[in-house]
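**Q** From first to last, the protein sequence lines are chains A and B.
In terms of the UniProt record's numbering, the numbers along the first sequence are unbroken and rise by one, the last being 206.
In terms of the UniProt record's numbering, the numbers along the second sequence are unbroken and rise by one, the last being 166.
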Amino acid sequence: MNDTGSLPHAPPRDAAAARTARSRRWLLYAPLAAAGGAVLGFWALLRGLGTGRYDPRGVPSALIGQPVPDFALPPLEGAGLPGLSAADLRGGLERPALVNFWASWCVPCLVEHPLLMRLAREGTPVFGINYKDRPEDARAFLGRHGNPFARLGADQPGRVAIDWGVYGVPETYLVDRGGVIRWRWAGPLTPPLLESELRPLLRRHA
Amino acid sequence: MPRRAALFLLLAPLLPAAAARGAVGDPAERLADPALEARARAIGRELRCLVCQNQSIEDSNADLARDLRRLVRERIAAGASDAEVVRFVHARYGDFVLLRPPLTAATALLWAMPALALAGGGAAILLALRRRRAAPDAAVETAPLSEAERARLAALEAEGGERRPS
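1) To the nearest angstrom, how far is it from the Cα of residue 181(B) to the Cα of R45(B)?
2) May I have a chain-ordered list of the alpha helix (DSSP H) segments no shorter than 4 residues that lie completely inside the segment 61–132 of chain B?
3) Name, please, each residue of chain B whose Cβ falls closer than 7 angstroms to the Cβ of P200(A).
4) Between the segment 114–129 of chain A and the segment 23–37 of chain A, do three or more beta carbon pairs fall short of 8 angstroms?
5) Does DSSP put I162(A) in a helix, in a strand, or in coil?
6) Can you pull the DSSP bridge partners for A97(A)?
7) Compare the C-beta of R73(B) against all C-beta atoms of chain A and say whether one is closer than 8 angstroms.
8) Look at the alpha carbon of E94(A) and the alpha carbon of L202(A), and state the distance between them as a whole number of angstroms.
9) Any beta carbon of chain B sitting closer than 8 angstroms to that of I162(A)?
10) Who are the Cβ neighbours of W185(A) in its own chain at under 6 angstroms, not counting the five residues just before and after it?
11) Under the DSSP definition of a beta bridge, which residues are partnered with L152(A)?
12) Can you list the residues of chain B that Y131(A) reaches, using a CB-CB cut of under 7 angstroms?
13) Can you give me, in chain order, the residues of the segment 73–106 of chain B that have a beta carbon less than 9 angstroms from any beta carbon in chain A?
14) According to DSSP, what are the bridge partners of W185(A)?
15) Can at least three beta-carbon pairs, one atom from the segment 168–182 of chain A and one from the segment 138–146 of chain A, be found at a separation below 8 angstroms?
16) Alpha carbon to alpha carbon, how far is V169(A) from Y131(A)?
17) For P31(A) and chain B, any beta-carbon pair shorter than 8 angstroms?
18) Report, in whole angstroms, the separation of the C-beta atoms of S23(A) and G94(B), which I expect to be a contact under 8 angstroms.
19) For chain B, is any of its Cβ atoms less than 8 angstroms away from the one on A62(A)?
20) Which whole-angstrom value describes the C-beta separation of D133(A) and A161(A), a residue pair presumed to lie in contact below a C-beta threshold of 8 angstroms?
21) Applying a beta-carbon distance threshold of less than 8 angstroms, which residues of chain A neighbour L68(B)?
22) When we look at the beta-carbon of R48(B) and count the other beta-carbons within 10 Å, is it buried (16 or more) or exposed?
23) On the three-state DSSP scale, how would you describe S23(A)?
24) List, in chain order, every chain B residue whose beta-carbon is nearer than 8 angstroms to that of G158(A).
25) Would you kindly work out how many angstroms separate the C-alpha atoms of A40(B) and L99(B), rounded to a whole number?
26) On the three-state DSSP scale, how would you describe V111(A)?
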């Protein structure tokens, strides 16, 4: 702009102006700091998603620390297993038990099924609630993949699931020997989850 | 054609609303008594669909939302008060199911945020005003030109005057 000469730089008009200029300098770095904070936050979010610590779809269960709700479900037709009711869970279990909501149409249920089989083999009582399923489909599922359930209730209307606060299958609840719900997992069980959370809980409530 | 596209873009935001209204349009779901149905709807609009999360159960097509709608209507038909119905669902699904979260220690910041933001903005404006009053005309004040500057300005003005056409 000025090609010809050098305008002498205006000296600071007074000390106050210099002070405001200095105090405003941090404003220059504020956007950078905000961006840095956002990056950190995003990183924490991604990390949480990766480890499962942060789950945006996770709804905390309202039933933790409460006795299992009142319910009585008929057995799954033709499965040859007894049905499931609240009395079965409150009446002094020998070991902490799992209550697993599942359906044959649910793909994550298929994914977690081998883990339920393993837990049942190891002696953890696993109780099933078959959610909104056709009995023949559910029977076929168990015939093909094995049956981990000591008892199996059929909840075709999905009403008992609402009493448990279920919002989608699969969901798994840990019930202690006194019939109190101690833990809930929404979504398929995974081997890391089994080792990091479920086994310690099973031991603690044994 | 572009005009039609523009019209579509204008109306597009309305489409989900129209679809959502269809979700509860099933007459079989409604209660026969319009007053009870209105109550059920008002309750349902306060309850979150846990599958789709940002819709109320009245707006959602999800299976669970339909079940919950039915449950709300059953309870109302059985003579439960609005508060009892909400308590029934809340006991099962916790605070998350309420689209208007209750004021607790955990949600205090959420509820206080509008007031905090307003107070913060007000404080910033007050501070800026006070600073401006403390240093009047600081922004428009200019240093007087030095002798050398004045001479240079005169030279530039003279030069510009010569170059000006006409």
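Backbone N, C-alpha and C define an ideal beta-carbon position, used for all residues, glycine too.
**A** Put simply:
1) This structure cannot settle anything about residue 181(B), because the visible part of chain B is limited to 1 through 166.
2) If one requires a minimum length of 4 residues, the alpha helix (DSSP H) runs lying completely within the segment 61–132 of chain B are 63–77, 82–93, in chain order.
3) Simply none; closest approach about 24 angstroms.
4) no
5) helix
6) Bridge partners of A97(A) according to DSSP: V175(A).
7) no
8) 12 angstroms
9) Nearest CB-CB separation between I162(A) and chain B: below the 8 angstroms threshold.
10) T172
11) In the DSSP assignment, the residues bridged to L152(A) are G128(A).
12) In chain order: nothing, as chain B lies at least about 10 angstroms away.
13) V89, H90, A91, R92, Y93, G94, D95, F96, V97
14) T172(A)
15) no
16) 8 angstroms
17) no
18) The Cβ separation is near 47 angstroms, so there is no contact.
19) yes
20) Wrong, their Cβ atoms sit about 11 angstroms apart, outside the cutoff.
21) L68(B) reaches chain A at I162, counting residues in chain order whose Cβ is nearer than 8 angstroms.
22) buried
23) Annotated three-state conformation of S23(A) is helix, per DSSP.
24) D63, L64, D67
25) 15 angstroms
26) helix
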